[in-house]
Amino acid sequence: MVNIQTSELIELSKIIRTRILEICHLTKSPHLGSSLSIVELITALMFDVMDDFTIDKYSEKSDQFILSKGHASLAFYAALEVKGFLENGEFEKYGTKGSILEEHPNIRIPTVLTSTGSLGHGLAFANGLAVANRLKGVDARIFVVLSDGECNEGTIWESALLTSAKNLHRVVAIIDHNKLQATGNISETFGSVKISNVFESFGWESYEIDGHNFDEILTILTNKNNPRPVAVICHTIKGKGVSFMEGNNNWHYRAPDVGELKLALAEVVKGNFVK
Amino acid sequence: MRDLLAKRLTELSQSNPELFLIYGDIGNRLFDEFKTKNNGRYMNAGIAESSMVTLAAGMARFGFRPIVYTINSFLYLKAIEQIKIDICYPNLPVILIGTGSALSYSELGTTHHSLEDFGILSTIPNLQLISPADSLEVAESLEWAINSNKPTYIRLGKKENLLLHKGELGFKKENFGPFQILKFENASAAILSTGAITGEVYQAVIDNDLNLDLWSIPQIKPIGEDIFMILKQYSKLFIIEEHNFIGGLGSMLAALYAQKQVVTPKMFFINTGDQFHTGLGNIGSARELLKLDPINLKLILKAND
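Keeping their order, the protein sequence lines are chains A and B. Quick note: to get our numbering, add 1 to the position in the first sequence (first position is 1). Quick note: to get our numbering, add 63 to the position in the second sequence (first position is 1).
The structure is reproduced here in structure tokens:
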């Protein structure tokens, strides 16, 4: 943990949001809304919460990060770029021929331990890392970012049960609860079930926070002494940070044109969206 | 098969501290000795094949050598994507062991049959496929798989298999050895058999005094390049397997011969066909299905003489 100021995190999140929008526009790639909703989460993790998070992915003593909702790679790569973990100009090649930066993270990319993109794998993989760490006496934490839609997958619940049953309490599941899956509202597949209640009934410590508020994020994630695995249900807004994208599911697949990009960047720089 | 597997695994665990056993709520008492000697190095991961396979991938990423053991048909069909993406794509040293393979659980019903594993799994890069004929092949292939440091799938039969081999098989370190001779008479025709059914094939050949060489093929993938050298003395090959013809050993060999454009022996395929099998009853059914009853086998082979 680096303990930087919240104001610094806000500035970093603006840079990351800017890069997401620029590259999305440049490469006409999908999943913009899903990337914008995790900007504060990923910023807090990579620039404050995680211990010894380095470019060396095999450093087992450091905290680990798994983007189980791999389609939000724009946010992840933007954060890696700001961290200095990508080569200059690499992000501009996102999704193009010959780039390591495919539209879903793969193991050739710095810090990536497992390739994601097919939903429902990240938590089980985190369990495996946590079991290995426990056997080796390594106390590092494993952070897994899941989407709420991803929690439709049965493997999430197979894994969540095991995390609890084996008390893999260094696993932290961060659920990006932006309420929108690719084609509709999350209630279409969850009804009125609350994800936090499910995790709690599975034996996890379960919290609900505003996923765009750094103070709330840090309060929960900087506590390292949880006796049980921790699920943080983060209430977020898909397309967060750009007024005409927020809550508009068209931006799950759309990329901004030049005019839209200008408007979007102006809003991001102004930054009046951060509480 | 299972007993010697557990014994060898326990032996190997003493010199391989990174071995870790994950089982899907099966194998009651089978691994008692392993557990006694390896406190904390095993886990019942529940009836949850998909997450179990990915769990193994995570452990392997951090230096462990997980052995995943559960019922075969559930292992590779329920967890196929996890095998592909989480284990084989990054080429992690996880060993998947499916018990009750092919028709060895025939009496349990069609839900427990696994007659498509070679076909499905052979299309996944990096995955080694092993189909041992007897306990010795099980034990040696396990050691070979661990030493190979690559993703490996081992298809286990039932525990009552005949012991076909005498003594060590002499597998090479870098190559498990795709062919194991069981009966050699320098004949012009040979049977190639794979997996647990091979014991019954062996018995049928002996009972009927058939003038045929008999090879066990424990290594389905990669199949060694020396195959063409070894088999070139035969004008006829009878390929017997508990598997659909499509994607099975026979079709793989036929495709290999076609691809290599070498002189191809006449090939006869004896398999479980492209169909579901129901009402097979007890464990004798694989033998019946493959027409290994003495009279049928003789008729088939005579007809092709």
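Glycine is no exception: its CB is placed at the ideal position from the N, C-alpha and C atoms.
- Here residue 177 of chain B carries a strand assignment [DSSP, helix/strand/coil].
- Contact residues of the segment 72 to 103 of chain B toward chain A are 83, 103 (C-beta to C-beta distance below 8 Å).
- The distance from the Cβ of residue 220 of chain B to that of residue 165 of chain B is about 7 Å, consistent with a contact at the 8 Å cut-off.
- Bounds of the alpha helix (DSSP H) holding residue 16 of chain A are 7 to 28.
- The Cβ atoms of residue 185 of chain B and residue 284 of chain B lie closer than 8 Å to each other.
- The closest CA to that of residue 113 of chain B, considering only B:87, B:73, B:291, B:103, is found on B:87.
- The contact set of residue 188 of chain B on chain A, defined by CB atoms closer than 8 Å, is empty, because the minimum CB distance reaches about 14 Å.
- Per DSSP, the unbroken beta strand (DSSP E) holding residue 232 of chain A starts and ends at 231 to 236.
- With contacts defined by Cβ atoms closer than 8 Å, residue 126 of chain A and residue 117 of chain B form a contacting pair.
- Assignment of alpha helix (DSSP H) within the segment 146 to 201 of chain A, counting only whole runs of 4 or more residues, yields 155 to 166, 188 to 191 in chain order.
- Look at the segment 47 to 69 of chain A: the residues with a C-beta under 7 Å from a C-beta of chain B are 61.
- In the DSSP annotation of this structure, the continuous segment of the alpha helix (DSSP H) that includes residue 259 of chain A starts and ends at 259 to 271.
- Residues of the segment 252 to 282 of chain B with a C-beta atom less than 9 Å from some C-beta of chain A do not occur.
- Linking residue 211 of chain A to residue 69 of chain B through their CA atoms gives a straight-line distance of about 51 Å.
- Excluding the 5 residues flanking it on each side, residue 15 of chain A has same chain C-beta neighbours closer than 8 Å at 269, 270, 272, in chain order.
- Per DSSP, residue 107 of chain B lies in no alpha helix (DSSP H) segment; the continuous beta strand (DSSP E) that holds it begins and ends at 105 to 107.
- For the set A:131, A:100, A:153, A:109, the Cα lying nearest the Cα of residue 61 of chain A is the one of A:131.
- Ranked by Cα distance from residue 106 of chain B, the first of A:10, A:115, A:129, A:193 is A:129.
- By the neighbour-count criterion, in which a residue is buried when 16 or more other Cβ atoms sit within 10 angstroms of its Cβ, residue 172 of chain B is exposed.
- Inter-residue distance for residue 127 of chain B and residue 246 of chain A is about 45 Å (C-alpha atoms, whole angstroms).
- Put simply, the segment 133 to 146 of chain A does not touch the segment 90 to 100 of chain A. Fewer than three CB pairs are less than 8 Å apart.
- The beta carbon of residue 136 of chain B sits no closer than 8 Å to any beta carbon of chain A.
- DSSP, reduced to helix, strand and coil, places residue 139 of chain A outside both helices and strands of the structure shown, so it counts as coil.
- Beta-carbon to beta-carbon, residue 230 of chain A and residue 172 of chain A are separated by about 5 Å, close enough to satisfy the 8 Å threshold.
- For the segment 151 to 175 of chain B, the beta-carbon criterion of a distance under 8 Å to any beta-carbon of chain A is satisfied by 152, 153.
- Between the beta-carbon of residue 44 of chain A and that of residue 13 of chain A there is about 5 Å, and that keeps the pair under the 8 Å contact cut.
- Neighbourhood of residue 64 of chain B in chain A, by CB distance below 7 Å: empty, with the nearest CB roughly 28 Å away.
- Setting aside the 5 residues that flank it on each side, residue 248 of chain A is surrounded in the same chain by 238, 239, 240, each with a C-beta closer than 7 Å to its C-beta; the list follows chain order.
- Here the C-alpha atom of residue 118 of chain A lies approximately 36 Å from the C-alpha atom of residue 168 of chain B.
- Every unbroken stretch of the alpha helix (DSSP H) spanning 4 or more residues and falling wholly within the segment 128 to 159 of chain B is given here in chain order: 135 to 141.
- Using a C-beta cut-off of 8 Å, the segment 250 to 268 of chain B makes no contact with the segment 207 to 215 of chain B, since fewer than three inter-stretch Cβ pairs fall below that distance.
- In the three-state DSSP reduction, residue 129 of chain A falls in the helix class (H, G or I).
- Taking C-alpha positions only, residue 186 of chain A is separated from residue 29 of chain A by approximately 24 Å.
- The beta carbon of residue 159 of chain A sits closer than 8 Å to some beta carbon of chain B.
- With contacts defined as CB atoms closer than 8 Å, residue 156 of chain B and residue 213 of chain B qualify as a contacting pair.
- Here DSSP, grouped into helix, strand and coil, assigns residue 338 of chain B to coil.
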